[in-house]
């Protein structure tokens with residue numbers, strides 16, 4: 098068996114999972130399983146939320162060690178699922194290492210839903226959360242507009258490569274501003290608070306938070322705390338953005354300007 | 003109640019689109035989320051506590067997610083993440099900030115504490131279910 102390719106495959110699988118938002122123990126487990134297929138003495142994987150180290154060693158071969166730095170994070174549960182599937186098949190000998198490597202390279206680029214469908218997702222979350230929080234039909238219309246603004250804001254911040262903190266703050270800022278101005282001019286009488294709450298839902302770090310808890314439970318304290326901090330920072334960014342939007346609105350309409 | 007449950011179902015599915023949930027599990031995860039939200043509403047009405055509601059609904063969502071994951075041979079995260087979404091304390095975070103802006107530190111800290119309590123309750127619920135399902139599992 099080609100050890101080198103096996104290690105490459107294992108690390109690639111781990112990298113995709115880590116970027117897509119899998120828990121640390123799942124990533125380590127996957128890499129471990131794949132590496133163990135080589136039947137060497139030592140097969141170790143150490144995974145942090147920011148990087149992967151994998152090593153394969155045996156008296157009969159030169160040690161193979163691969164380190165991979167992971168900087169981006171892009172939640173994609175489908176990729177986690179697909180990689181999990183590949184590793185299952187590989188370990189059950191339903192797939193060769195070469196096939197698995199090719200398949201993983203495909204998975205790295207798989208996108209299930211078109212961008213527009215995701216934009217609909219943002220609008221949907223905003224609309225249906227407004228409904229859950231007790232909004233009526235008018236509120237839902239306003240939420241749809243706000244959700245659309247959020248989708249556009251997301252795209253803009255991706256395009257100009259805004260860092261995460263600023264991107265979240267920027268999106269939250271626009272959400273607050275749009276909703277408050279809609280309340281003033283577009284659809285008077287809407288409940289601006291629940292619309293803002295609904296629209297910031299996609300930004301609130303629920304996924305990272307869940308993963309952080311499960312990492313901590315599994316004893317991956319370094320990654321667990323790192324992710325908790327990440328979640329707190331995102332929550333702060335969203336809060337700062339909403340706060341700035343509301344502050345600006347009050348300042349614009351609060352007597353300094355005559356409208 | 004019916005509208006709320008359907009709303010939760012659709013909200014979870016919309017969120018799943020953003021998270022790129024595997025297509026074939028969209029309906030299942032939406033259902034888990036909707037059941038979770040129904041429990042949330044019932045507990046909130048019965049006990050009058052947001053924290054208890056978040057705790058019990060997350061407990062149920064986590065249970066279903068673990069079962070679904072085992073049946074479908076898919077990672078638990080796939081179902082768990084979207085399912086807990088309705089109980090995430092977005093509203094408390096928002097109110098906490100909004101009272102900071104309107105200069106009301108008492109209400110602001112009240113909602114800040116509520117945010118922490120609800121997140122703690124969700125964390126606890128996931129934690130408990132995870133531990134239960136790890137019982138007897140070989141390392």
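Residue numbers (our numbering), protein chains in the order written: chain A, 98 to 356; chain B, 3 to 141. C-beta: ideal position from N, C-alpha, C; glycine also. These numbers were taken from a predicted model, which means no experiment stands behind them.
Note on geometry: alpha-carbon atoms of residue 187(A) and residue 180(A) lie some 10 Å from one another. Only residues of its own chain outside the window of five on either side were considered, and among them 150 have a CB closer than 6 Å to the CB of residue 164(A), listed in chain order. In the three-state DSSP reduction, residue 317(A) falls in the coil class, being neither helix nor strand. A distance below 6 Å between beta-carbons, with the five flanking residues on each side excluded, links residue 295(A) to the following residues of its chain, in chain order: 223, 226, 227, 240.
Taking the C-beta atoms as reference points, residue 118(A) is found no nearer than 7 Å to residue 207(A).
Contact of residue 272(A) with chain B by beta-carbon distance below 9 Å is absent, the smallest such distance being about 10 Å. At a Cβ-Cβ threshold of 7 Å, residue 31(B) and residue 218(A) do not count as neighbours. A check of alpha carbon separations from residue 115(B) across 99(B), 127(B), 130(B) identifies 99(B) as the nearest.
The beta carbon of residue 233(A) sits no closer than 7 Å to any beta carbon of chain B. The DSSP-derived three-state label of residue 135(A) is coil. For residue 288(A), not one C-beta of chain B is nearer than 7 Å to its own C-beta.
Taking 9 Å as the upper bound on Cβ-Cβ separation, chain A lies near residues 97, 98, 99, 100, 102, 103, 104, 117, 121, 124 of the segment 97–124 of chain B. The C-beta of residue 128(B) comes closer than 7 Å to at least one C-beta of chain A. When secondary structure is reduced to three states using DSSP, residue 38(B) falls in the helix class. Under the three-state reduction of DSSP, residue 140(A) is assigned to strand.
Counting along the chain, residue 159(A) sits inside the beta strand (DSSP E) bounded by residues 158–166.
Within the segment 186–215 of chain A, contact with chain B at the beta-carbon level (separation under 8 Å) is assigned to 208, 209, 210, 214, 215. With respect to the C-alpha of residue 262(A), the residue from 338(A), 320(A), 274(A) having the closest C-alpha is 338(A).
Contact between residue 302(A) and residue 328(A) holds, with the beta-carbon distance rounding to 4 Å and staying under 8 Å.
The beta carbon of residue 271(A) is closer than 6 Å to those of 246, 250 in its chain, skipping five residues each way along the sequence. Straight-line spacing of the CA atoms in residue 264(A) and residue 158(A) works out to 48 Å.
In the DSSP annotation of this structure, residue 152(A) is not part of any alpha helix (DSSP H); the continuous beta strand (DSSP E) holding it starts and ends at 148–155. The segment 52–62 of chain B and the segment 112–131 of chain B touch, with no fewer than 3 CB-CB distances between them shorter than 8 Å. Of all residues in the segment 113–143 of chain A, those with a C-beta nearer than 7 Å to a C-beta of chain B are 119, 120, 123, reading in chain order.
Residues are counted here when their Cβ sits less than 8 Å from a Cβ of chain B; for the segment 230–257 of chain A these are 230, given in chain order. For residue 119(B), the closest C-alpha among the options 8(B), 53(B), 34(B) is that of 53(B).
Below the 7 Å Cβ cutoff, chain B contributes 13 as neighbours of residue 226(A), in chain order. Under the three-state reduction of DSSP output, residue 210(A) falls in the coil class, being neither helix nor strand. Here residue 106(B) is exposed: its Cβ has fewer than 16 other Cβ atoms, across all protein chains shown, within 10 Å. The contact set of residue 21(B) on chain A, defined by CB atoms closer than 9 Å, consists of 118, 172, 173, 174, 175, 218, 304 in chain order.
Counting the other CB atoms within 10 Å of its CB gives residue 201(A) a total of 16 or more, which places it among the buried residues.
Under a 10 Å Cβ-count criterion, residue 76(B) is classified as buried, with 16 or more other Cβ atoms of the shown protein chains found around its own Cβ.
Of the residues assessed, residue 111(B) falls on the exposed side of the cut-off, its CB having fewer than 16 other CB atoms within 10 angstroms. Going by beta carbons, residue 232(A) and residue 305(A) fall outside the 7 Å limit. Closest in alpha carbon position to residue 55(B), among 74(B), 137(B), 20(B), 89(B), is 89(B).
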